[in-house]
Amino acid sequence: MFQLFVCLAVVSCVGAARLDHLVPSGYAGGRAGFDATPYHYENVNNGDGNYRFSYDTPEGTSAHESGSPRAQGPEGPAVTAEGGFSFRTPDGQQVSLTYTADENGFHPTGSHIPTPPPIPEAILRSIEYNRQHPSS
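Residues 26 to 161 (the numbering used here) make up the sequence shown, in order.
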């Protein structure tokens, strides 16, 4: 019985050991050869609500953003930000996105963002008819 207790204690200690300091050789966040060390980094906060940051990495990832406070609106002060980021997919395609964000929400643009199909002409006519003939 004592041997079983000792065996279970050893297994429990081994299972509870923290091994997060051991990083497999060549591990790169899931991508072999990936180096995310930025070769350009800027972070400026003026203390008055205005800020900007940017970075670029050797494998083609980059981001930038600048923001500033806006006048007090109905829901309190708002910050307007604009920026963008880009990265290279595993198959080598460069993906870029630019955006603005303000009290009206987040507005991204980029060629990889799906766009809805055009509204058929018959539906547009129906909407216009309903607009001109509201129900009582």
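We put the CB at the ideal spot given by N, CA and C, even for glycine.
>> I need the DSSP call for SER151, collapsed to helix, strand or coil.
In response: As a working mapping, residue 151 is identified with position 126 in the sequence shown. If DSSP states are grouped into helix, strand and coil, SER151 belongs with the helices.
> Closest to ARG95 by CA distance: which of TYR154, SER111, PRO139 and GLU128 is it?
Replying inline: Reading the sequence shown from its first residue, position 70 is the one you call residue 95. Nearest option by C-alpha distance: GLU128.
> From LEU122 to GLY108, what does the alpha carbon distance come to, in whole angstroms?
Replying inline: As a first step, residue 122 must be located in the sequence shown, where it is residue number 97. As a first step, residue 108 must be located in the sequence shown, where it is residue number 83. The straight-line gap from Cα to Cα measures roughly 9 Å.
> Quick one: what's got a C-beta closer than 7 Å to ASP81's C-beta in the same chain, skipping five residues either side?
Replying inline: The residue given as residue 81 occupies position 56 in the sequence shown. Answer for ASP81: PRO63, TYR64, HIS65 and SER87, listed in chain order.
>> Using only the alpha-carbon positions, how far apart do GLU84 and PRO115 sit?
In response: Here the question's residue 84 lines up with position 59 in the sequence shown. Here the question's residue 115 lines up with position 90 in the sequence shown. The alpha-carbon atoms of GLU84 and PRO115 are separated by roughly 11 Å.
> Helix or strand or just coil, what does DSSP make of GLN119?
Replying inline: Start at 1 with the first residue of the sequence shown, and residue 119 comes out as number 94. In the structure shown, GLN119 sits in a strand (DSSP, three-state: E or B).
> For VAL104, which of GLN118, PHE131, GLY117 and ARG113 has the nearest alpha-carbon?
Replying inline: Within the sequence shown, residue 104 is the residue found at index 79, counting from 1. Measuring from the Cα of VAL104, the nearest candidate turns out to be PHE131.
>> Which residues does DSSP list as the beta-bridge partners of GLU90?
In response: Position 65 of the sequence shown, counted from the start, is the residue given in the question as residue 90. DSSP, once it has assigned bridges, lists PHE78 and GLY108 as partnering GLU90.
>> Can you tell me whether GLU67 is helix, strand or coil according to DSSP?
In response: Here residue 67 is taken as the residue at index 42 of the sequence shown, counted from 1. Correct three-state label for GLU67: strand.
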